[in-house]
Structures are given as C-alpha cells and as structure tokens.
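Have a look at the structure below before the remarks.
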Amino acid sequence: MTREFHPLVKRLLDGELTLGDLPLELRPEGEEALRLLAPLDRAPVTLSPALDARVMAMLRRAGSPATARESFRAGRVWRWISAPREVEIRLRVRPWAVGALAAAAVLAALVVGRPSAPPVGDAVAAFGSTRPGVLVRFVLYAPGARRVAIAGTFNQWDREATPLAPAGTTGVWTTTLALAPGQHQYAFVVDGARWVPDPAAPAVDDGFGRRNSVVAIAGPRGRAL
Amino acid sequence: MSAQVDVPARLAGRVPPEVVAVVRGAVDSAAARGLPVEPLVQKALEGGAKGVPAERVIAAVRALAGELDASAGALRSAGLAAPDGDAIEAGAFALTAGLQEGQVRELAHASRTPVGPAATLRVAATLAALGVPAKETVKLVRRTIEAGRAAVDLLDLPDRVESEIARGATPAQAAAGLARAAAHLPVGPPDVPPGRERSRKP
Numbered sequence: 006m007t008r009e010f011h012p013l014v015k016r017l018l019d020g021e022l023t024l025g026d027l028p029l030e031l032r033p034e035g036e037e038a039l040r041l042l043a044p045l046d047r048a049p050v051t052l053s054p055a056l057d058a059r060v061m062a063m064l065r066r067a068g069s070p071a072t073a074r075e076s077f078r079a080g081r082v083w084r085w086i087s088a089p090r091e092v093e094i095r096l097r098v099r100p101w102a103v104g105a106l107a108a109a110a111v112l113a114a115l116v117v118g119r120p121s122a123p124p125v126g127d128a129v130a131a132f133g134s135t136r137p138g139v140l141v142r143f144v145l146y147a148p149g150a151r152r153v154a155i156a157g158t159f160n161q162w163d164r165e166a167t168p169l170a171p172a173g174t175t176g177v178w179t180t181t182l183a184l185a186p187g188q189h190q191y192a193f194v195v196d197g198a199r200w201v202p203d204p205a206a207p208a209v210d211d212g213f214g215r216r217n218s219v220v221a222i223a224g225p226r227g228r229a230l
Numbered sequence: 303m304s305a306q307v308d309v310p311a312r313l314a315g316r317v318p319p320e321v322v323a324v325v326r327g328a329v330d331s332a333a334a335r336g337l338p339v340e341p342l343v344q345k346a347l348e349g350g351a352k353g354v355p356a357e358r359v360i361a362a363v364r365a366l367a368g369e370l371d372a373s374a375g376a377l378r379s380a381g382l383a384a385p386d387g388d389a390i391e392a393g394a395f396a397l398t399a400g401l402q403e404g405q406v407r408e409l410a411h412a413s414r415t416p417v418g419p420a421a422t423l424r425v426a427a428t429l430a431a432l433g434v435p436a437k438e439t440v441k442l443v444r445r446t447i448e449a450g451r452a453a454v455d456l457l458d459l460p461d462r463v464e465s466e467i468a469r470g471a472t473p474a475q476a477a478a479g480l481a482r483a484a485a486h487l488p489v490g491p492p493d494v495p496p497g498r499e500r501s502r503k504p
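Heads up: the sequence lines are chains A and B, in that order. The working numbering numbers the first residue of the first sequence as 6 and each following residue consecutively. The working numbering numbers the first residue of the second sequence as 303 and each following residue consecutively.
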C-alpha cells in the first residue's frame, strides 16, 4: 500500500518544517506521518563500503566529477514503466544527488520525500557561471527506431553529433551530456528525420510551428530546473 | 561586433546563403544595441537542421531579435541600467514561453540577491513552459520571493509544479496552491552554506 502525503507534510518529514509550522488541518496528517516513520527514521542507515565503491566506480566510468551527485526521477521512471501506451520519454538525472541514489535504493519503501536539495550557496553562487559540467541524462523510449540523436542549442543543432545509445532491444535510448549553466532548447531526432519534443519536459514554441523541449541548468553543482 | 561571431563560418553549409546574409545583419544590429547574438545564430542553425524554408528561418530570427529587444527594454525599465546578456536571454525565453513584457519587467524588479533577474526569469519561463498561465506564474514567483523564501525554494518551483501535476493538478492549480503555501509558510532558516545540510528534526 502506498500513501501520498501533502507536500507540506513531506517538508515536515524532510526536517524543513516543524509540526507547529503546519496549518492546523494538516497537523493530524503530519503527526501520523511522523508516527509511521519514526521507527525507521531513527534507525541508523549504514551503507556498505562496497556499495560506495561501486557507485564511485560507475561515476568514474561515466566521466563524472568525483564530487557530483545525482538523483533519480523515480516518479518519471515509474510513469514510463506503468504507462499503458507507447510513449517517448526522456529522463533527466539530477546531477546533484548521486549519493542519494544509493540511499534511495535502500529506502525505496519510504518514498515520501522529494529529491535532496543541493547546498544553496553552491547553486546560487554558480548560477550564471560559464563553467561546464552539469551532467544531464536524456532517455527516449522509441521502440522501432533505428537511430536516435539529440540536437539543441548545446550542440549547434547538429542532428548527427550526439547519438543516443540503445539499451539492448528495449526501445530505450539514452545519453548523458554535460551542459553549461543556462537555458537550453532541444529535441530528439528519430531516424535522422523525425523531430520529437521531449514529452516529459517543458516545451516552448520553436518559431517554426513545432515545439522545443527546454532544460535550464542552475549551476555546475546546482540543478536542472 | 560580428567579428566576435563569425556568422558566415558558423552557418556555412547549414542554411541557404540568403539566410546567412540576413542573420549577419541581424547579428550586427543586435550587437550594436548590446543584445546577445548567439541566440540568433542558434535559431538559424535550428531552422537549417529542421529543414525549414529560408523565409521562415529569416522570420524566426527576426522575431527572436525583437524578443531580445523587448526583453532588454523590460529589464531597463525595471531598473537595470545595463542588463547583461544572460538576463536579456532569460527575459526573451520568458517572452517565448508566454509572459508579457510587463510581466518580465515585474519579475526582474522583484528579483533579489542571491537569485538575480536571469535566474528568476528562467524559473518563471520554465513554469510557463510547463503550462502554468503567465499570470499564475508571476504570482507564484513573486510570492515566493516576497515571502523571503530561501533561494532553493525559488529554484525548486518547477520541480514542485511538476510533482503536483503528476498528482493530478492542472498547472494553474499547482501554481496557485504553491503560491498560497509560499505566502503562509513561516520563513525558514537562511540558506545553508555549501557542504552543510539542514538539521533533521525528529
């Protein structure tokens, strides 16, 4: 059984609010949430050193900065998995919470919080910086496609420059890009000709009668908005 | 200023020659007015990549130049004597996403350190691109700023709206609910220094 708590209750569980901060009508829900989670919340969670090593090895293979962290948009993945129709979907992997990824796997049954936030000072100080390096993963579900690429303002709209790699025969295509801070527009290119906006991302008019997807990066150690 | 952006070299083989000539002129004109020129080159490259007819590429480049101009004007009228290219581009993005010039000016005026006008406008534009009506977008961003919320709360707004949409709310409902919450929640602790985490209450 799953239970969705009110966003303010989630912030209570995140430690951002106290019970007294909640509106009166939400306090019973907050108390219940605290009661349900108290035994687990207080239990120390120790991750195996081997797990840590495996995560770091994966990061090195991906060429990520050692300090980078990513988080996983579990809800988006779940929507894709559970969708009863054919969809094309892209997954942005948050660059600032890789550590949380491992913890999230351990605590998957307790999915009540939002992704951990980056240190605010980092995000804001870095905003507008020209330093590249926020890793963003793009995933497209395109069954039957022979090739998929991504083109946008980050690669001069080159249809060939940034191919996605197929994940076996599942129809899932993926790539991870290091994007500079700022706002980027993009679209997927399926089989070299079909422009497909990202259905999971915000979109704007491209000026040509189509839609461009948008990703905004707040800083190297910030976030994809 | 076109020396900074070699338009013919950037566009060679990517768009028809008539587009190159128009973009070169647009870039020179924009640079002379202190506007960022890279978006104009990018729009031409995009049109070429998508196989758009030359006249439509030219129209799109000109329209974008107009939005950059409008953005710069809105920022100046908000009190920024010499807005930087990042803020101008963010304002143009907001206009593309559906905000009006007056709303860009309003948000730029409302923005506060440490989140400057560029980041504020980018958040607003992303909200609009998520489908939040412009009026609700402005209200949500303004209330978040005026309530003295932490910077991360402002940067988190698109994520929070997406979460609410995933739970069944319309974009407008999501934004309205978050705006109400922003106005009524107590101000939290100051932004957490890098490398630190907020203490977790039991």
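Idealized CB from N, CA, C, for every residue including glycine.
Check: Check the Cβ-Cβ distances between residue 66 (chain A) and every residue of chain B, and say whether any is below 8 Å.; Outcome: For residue 66 (chain A), the predicted structure reports a pLDDT of 44, less than 50, and the residue's modelled location is therefore unreliable. A value from the coordinates is still provided. Residue 66 (chain A) does not count as touching chain B.
Check: Look up residue 171 (chain A) in the DSSP assignment and say whether it is helix, strand or coil.; Outcome: strand
Check: Decide if the stretch 151-171 of chain A is in contact with the stretch 363-375 of chain B; the criterion is three or more beta carbon pairs, one per stretch, under 8 Å apart.; Outcome: no
Check: Below 8 Å between beta carbons: does that hold for residue 367 (chain B) and residue 332 (chain B)?; Outcome: yes
Check: Quick one: measure Cβ to Cβ for residue 360 (chain B) and residue 321 (chain B), integer angstroms, because I've assumed they're closer than 8 Å.; Outcome: 6 Å
Check: Whole angstroms are fine: how far does the CA of residue 345 (chain B) sit from the CA of residue 460 (chain B)?; Outcome: 25 Å
Check: Would you report the Cα separation of residue 442 (chain B) and residue 454 (chain B), rounded to the nearest angstrom?; Outcome: 14 Å
Check: Over what stretch of residues does the alpha helix (DSSP H) that includes residue 405 (chain B) continue unbroken?; Outcome: 403-412
Check: Can you pull the chain B neighbours of residue 158 (chain A), defined as C-beta to C-beta under 7 Å?; Outcome: 344
Check: In chain B, which residues lie less than 7 Å from residue 196 (chain A) when you measure between Cβ atoms?; Outcome: Within chain B, no residue comes near residue 196 (chain A); the closest Cβ sits about 14 Å away, beyond 7 Å.
Check: Give the residues of chain A in contact with residue 428 (chain B), contact being defined as C-beta atoms less than 7 Å apart.; Outcome: 207, 219, 221, 230
Check: Three-state secondary structure (DSSP) at residue 161 (chain A)?; Outcome: coil
Check: Let's test the definition: count the other Cβ atoms within 10 Å of the Cβ of residue 211 (chain A) and tell me whether it reaches 16, buried, or not, exposed.; Outcome: buried
Check: Residue 438 (chain B): buried (16+ other C-beta within 10 angstroms of its C-beta) or exposed?; Outcome: buried
Check: Could you check the C-alpha separation between residue 311 (chain B) and residue 144 (chain A) for me, to the nearest Å?; Outcome: 32 Å
Check: Quick check: what's the CA-CA separation for residue 78 (chain A) versus residue 334 (chain B)?; Outcome: Because residue 78 (chain A) carries a pLDDT of 38, less than 50, the predicted location of this residue cannot be relied on, and the following value inherits that uncertainty. C-alpha separation (whole angstroms): 43 Å.
Check: So, residue 159 (chain A) versus residue 358 (chain B), is the Cβ gap smaller than 8 Å?; Outcome: no
Check: Can you confirm whether residue 424 (chain B), when its beta carbon is compared against all beta carbons of chain A, has any partner nearer than 8 Å?; Outcome: yes
Check: Just tell me which of B:458, B:432, B:445 has its CA closest to the CA of residue 408 (chain B).; Outcome: B:445
Check: Just the chain A side, please: which residues come within less than 7 Å of residue 349 (chain B) by C-beta, in chain order?; Outcome: 213
Check: Could you check if residue 202 (chain A) is buried or exposed, using at least 16 other CB atoms within 10 Å of its CB as the buried criterion?; Outcome: buried
Check: I'd like the list of long-range same chain contacts for residue 35 (chain A), defined as Cβ closer than 6 Å, with 5 residues on each side in sequence excluded.; Outcome: 14, 17, 24, 27
Check: Counting only runs that start and end within the stretch 415-470 of chain B, where is the alpha helix (DSSP H) found for 4 or more residues in a row?; Outcome: 419-431, 436-448, 453-457, 459-468
Check: Taking the alpha-carbon of residue 481 (chain B) as reference, which of B:383, B:448, B:470 has the nearest alpha-carbon?; Outcome: B:448
Check: May I have the straight-line CA-CA distance separating residue 74 (chain A) from residue 349 (chain B), to the nearest angstrom?; Outcome: Interpretation of residue 74 (chain A) is limited by its pLDDT of 30, a score under 50 that renders its predicted location unreliable; no figure is taken from the coordinates.
Check: If the criterion is Cβ atoms closer than 8 Å, does the pair residue 424 (chain B) and residue 188 (chain A) meet it?; Outcome: yes
Check: Bridge partners for residue 181 (chain A) per DSSP, in chain order?; Outcome: A:142
Check: Between residue 100 (chain A) and chain B, is the shortest Cβ-Cβ distance under 8 Å, so that the two count as touching?; Outcome: For residue 100 (chain A), the predicted model reports a pLDDT of 36, less than 50, meaning its position is unreliable; a value from the coordinates is still stated below. It does not; no Cβ of chain B falls within 8 Å.
Check: Can you confirm whether the stretch 416-423 of chain B touches the stretch 461-470 of chain B when touching is taken to mean that 3 or more C-beta pairs between the two stretches lie within less than 8 Å?; Outcome: no
Check: Can you name, in chain order, every residue of its own chain whose Cβ lies under 6 Å from the Cβ of residue 151 (chain A), other than the five neighbours on each side?; Outcome: 196
Check: Show which residues of chain B have a CB atom less than 7 Å away from the CB atom of residue 164 (chain A).; Outcome: 351
Check: Compute the Euclidean distance between the alpha carbons of residue 182 (chain A) and residue 139 (chain A), then round it to the nearest angstrom.; Outcome: 8 Å
Check: List the residues of chain A whose Cβ lies closer than 9 Å to the Cβ of residue 297 (chain B), in chain order.; Outcome: Absent from the structure is residue 297 (chain B), since the part of chain B shown begins at 303 and ends at 504.
Check: Start and end of the alpha helix (DSSP H) containing residue 395 (chain B)?; Outcome: 387-399
Check: Using a Cβ-Cβ cut-off of 8 Å, state whether residue 178 (chain A) counts as contacting chain B.; Outcome: no
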